[in-house]
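Before any comments, here is the structure.
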Amino acid sequence: MRDVVVIGAGMTKFGELWGKSIRDIFTEAAQKAIEDAGVDHIDSMYVGAMSPGLFVGQEHLSAVLADYLGVNPIPATHVESACASGGVAFRQAFLEVASGASDIVLAGGVEKMTDGADVTEVLATAADQEYEVYQGITFPGLYAMIAHAHMHQYGTTREQLAAVAVKNHRNGAKNPNAQFRSEVTLEQVINSTMVADPLRLLDCSPVSDGGAAVILASIEVAKKLNKNPIRVIASSQASDTIALHGRSSITTLGSVVTAAEKAYRMADVKPADVDFAEVHDCFTIAEILVSEDLGFFEKGKGGQAAADGLTSLECNLTPINTSGGLKSKGHPVGATGIAQIIELYEQLSGKAGARQVLDAHIGMAQNMGGSGASCVIHILEGK
Amino acid sequence: MITARYAREIPQRYRLEAAKCMKCGHTSFPPRLICPKCKGKNFETVALNDEGKLLTYTVVRVASEKFSKETPFAVGIIELNDGVKVTAQIADAEVDELEIGQKVKLVFRKIQEEGKAGIICYGYKAVTV
Chain P
7 MRDVVVIGAG MTKFGELWGK SIRDIFTEAA QKAIEDAGVD HIDSMYVGAM
57 SPGLFVGQEH LSAVLADYLG VNPIPATHVE SACASGGVAF RQAFLEVASG
107 ASDIVLAGGV EKMTDGADVT EVLATAADQE YEVYQGITFP GLYAMIAHAH
157 MHQYGTTREQ LAAVAVKNHR NGAKNPNAQF RSEVTLEQVI NSTMVADPLR
207 LLDCSPVSDG GAAVILASIE VAKKLNKNPI RVIASSQASD TIALHGRSSI
257 TTLGSVVTAA EKAYRMADVK PADVDFAEVH DCFTIAEILV SEDLGFFEKG
307 KGGQAAADGL TSLECNLTPI NTSGGLKSKG HPVGATGIAQ IIELYEQLSG
357 KAGARQVLDA HIGMAQNMGG SGASCVIHIL EGK
Chain G
7 MITARYAREI PQRYRLEAAK CMKCGHTSFP PRLICPKCKG KNFETVALND
57 EGKLLTYTVV RVASEKFSKE TPFAVGIIEL NDGVKVTAQI ADAEVDELEI
107 GQKVKLVFRK IQEEGKAGII CYGYKAVTV
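The listed protein sequences derive, respectively, from chains P and G.
Our numbering puts the first residue of the first sequence at 7, with every later residue one more than the last.
Our numbering puts the first residue of the second sequence at 7, with every later residue one more than the last.
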């Protein structure tokens, strides 16, 4: 496989974009990425989106988007892996450039969630329809069961969960593209409306519209364009049982552990070498679990680490979710995995403004689908 | 719920039918064509042990539209005595008095309705014992 670099990025603001359709949202992000990269064409494109069919009644999304981006007749492919759709789209683009089949590929992600669908029902299609959702469980409900088990097993507290939301909102307040550019207090999180015990409204990522895109290319293309190359040094993916109850442990995400092991091996780095990470905090408990399963903290210590501020931007140990994460930046499902890559790209290019991590050389993006049935991890390296 | 799709799952939902691998003895619920433990392809049909314990649970306060009139309701992961784990609602219990580790038993109950004129869908829920 040959080296692959990211040479451009673009995204829309995340939020309730009432006036924009899914095709407009994607086109805006993709056009920004193409302009940022300075390329005059793309060879192919991959688009991650969880459920355009249920959210806006549009399937064959890749054809719609290639048409409206004005890039016909290049190959355009829609990638679906629930909430990991964006990350998996990036991986497909990476593999296409790495294989030598293409030199310049766009990896994008988009979701339009506020057009009136029953969002709780659509999101639940990422779980086992016949043996979980049939019983009335929701996505917050699945992660609530994980949280409850983690609290029971390791003594993780309500305040530790809240610390994740507080930290991510503090970071998101510094991100111009974030849906919620407002800080929240521990008390506000703990007293917000109960959604699924023990998870409350401010433990949950929001319903969002948004799009994100990046341009991947070979080193040769980057050199010709005089680009400061941000190299993709690992791409890994793993799967687990679709039903949460099918796992040997409810408090460890096996797909995250497996994908992380592969990624560390491919990049030849250790958890301690990672300068910062964007992780899939669809719920506060998810960030705690993932911070353990990526090897940043010992199993069961993720909650304490969050409460002690070890994952904060200010601490600069291994800052997690400097973008604000899904919690504050917003979670237009299919766009999330690409938006994580964009945060890595901006940090490693030194363009993250008030969120800039000092001495950022190696960044990790961890994106997952469902209750962890899919996980995709990328590690990027700057100069 | 499409009727054919519902009818297909009746053996599992009404009678807790599972598939026991003839090669390694692992029980799969719902039945599978390939054993996840040993890749065996021959199974015998067995009924699950209907008693077990609560591994974790939540109380759903905000549900999808289909279940919105039933909130709050408890849903848990139950480990049955034969080692099989299932997700089920916990019925007939004060949701604030549930505990992890509690003994429960699966019983036959109505789970949901398909609109005003559609079929009534049955299955298992757990009750405390």
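In this text, a Cβ means the ideal position worked out from N, Cα and C, and glycines have one as well.
Within the segment 246-332 of chain P, the complete alpha helix (DSSP H) segments of 4 residues or longer fall at 260-273, 290-299, 308-313, listed in chain order. With fewer than 16 other Cβ atoms inside 10 Å of its own Cβ, G/N48 counts as exposed. Straight-line measurement puts the Cα of P/K19 at about 14 Å from the Cα of P/S27.
Shown here, G/E15 sits in coil according to DSSP, grouped into three states, outside any helix or strand. According to the DSSP assignment, P/A171 belongs to the alpha helix (DSSP H) that extends over 164-178. Residue-level contact by beta carbon fails for G/T9 and chain P, as no gap is shorter than 7 Å. By the Cβ criterion, the segment 53-63 of chain G is in contact with the segment 19-30 of chain G, since at least three pairs of Cβ atoms, one from each stretch, lie closer than 8 Å. For G/F114, the number of other beta carbons within 10 angstroms of its own is below 16, and it is reported as exposed. Exclusion of the five residues before and after P/A130 leaves V139, T144, F145 as the residues of its chain whose Cβ lies within less than 7 Å of its Cβ. Partner residues in a beta bridge of G/R67, as assigned by DSSP, do not exist. Bridge partners of P/V382 according to DSSP: P/Q243, P/N373. Under a 10 Å Cβ-count criterion, G/M28 is classified as exposed, with fewer than 16 other Cβ atoms of the shown protein chains found around its own Cβ. Bridge partners of G/E85 according to DSSP: G/K59, G/K91. In the DSSP assignment, the residues bridged to G/Y128 are G/K116. G/T77 counts as exposed, since fewer than 16 other beta carbons sit within 10 angstroms of its beta carbon. Note on P/M56: 16 or more other CB atoms within 10 angstroms of its CB, so buried under the neighbour-count rule. A Cβ-Cβ contact shorter than 7 Å links P/T290 with P/V170. Inclusion of P/A82 and P/A95 in the CB contact set at 7 Å is not warranted, their separation being larger than that value. Of all residues in the segment 74-97 of chain P, none comes within less than 7 Å of chain G when Cβ atoms are compared. The bridge partners DSSP lists for P/K229 come to none.
Distances from the CA of P/V275 to each of P/L250, P/G340, P/R206, P/H384 were compared; the closest alpha carbon is that of P/H384. Comparing C-alpha distances from P/L364 to each of P/V280, P/C210, P/V262 shows the shortest one belongs to P/V280. Rounded to the nearest angstrom, the Cβ distance from P/A366 to P/T257 is 31 Å, too far for a contact under 8 Å.
Contacts with chain P at 7 Å (Cβ-Cβ) do not include G/T77.
Proximity of chain P to G/A99 at the Cβ level (cut-off 9 Å) is not reached, the minimal Cβ distance being about 14 Å. At a cut-off of 7 Å between C-beta atoms, P/E136 counts as an interface residue with respect to chain G. Between the beta-carbon of P/D49 and that of P/I80 there is about 6 Å, and that keeps the pair under the 8 Å contact cut. The DSSP-derived three-state label of P/I196 is helix. Within a 10 Å sphere around the beta-carbon of P/Q353 sit 16 or more other beta-carbons, which makes this residue buried. What P/I256 touches in chain G, judged by beta-carbon distance under 7 Å, is L61, T62, I83, going in chain order. The DSSP-derived three-state label of P/S91 is helix. For P/L250, the chain G residues whose C-beta falls within less than 8 Å of its own C-beta are I83, T93, listed in chain order. Within 10 angstroms of the beta-carbon of P/C210 lie 16 or more other beta-carbons, which makes it buried. Out of P/A179, P/Y137, P/H286, the CA that lies nearest to the CA of G/I16 is found in P/Y137.
If one requires a minimum length of 4 residues, the alpha helix (DSSP H) runs lying completely within the segment 138-165 of chain P are 145-160, in chain order. For P/M17, the closest alpha carbon among the candidates P/N183, P/L259, P/M157 is that of P/N183.
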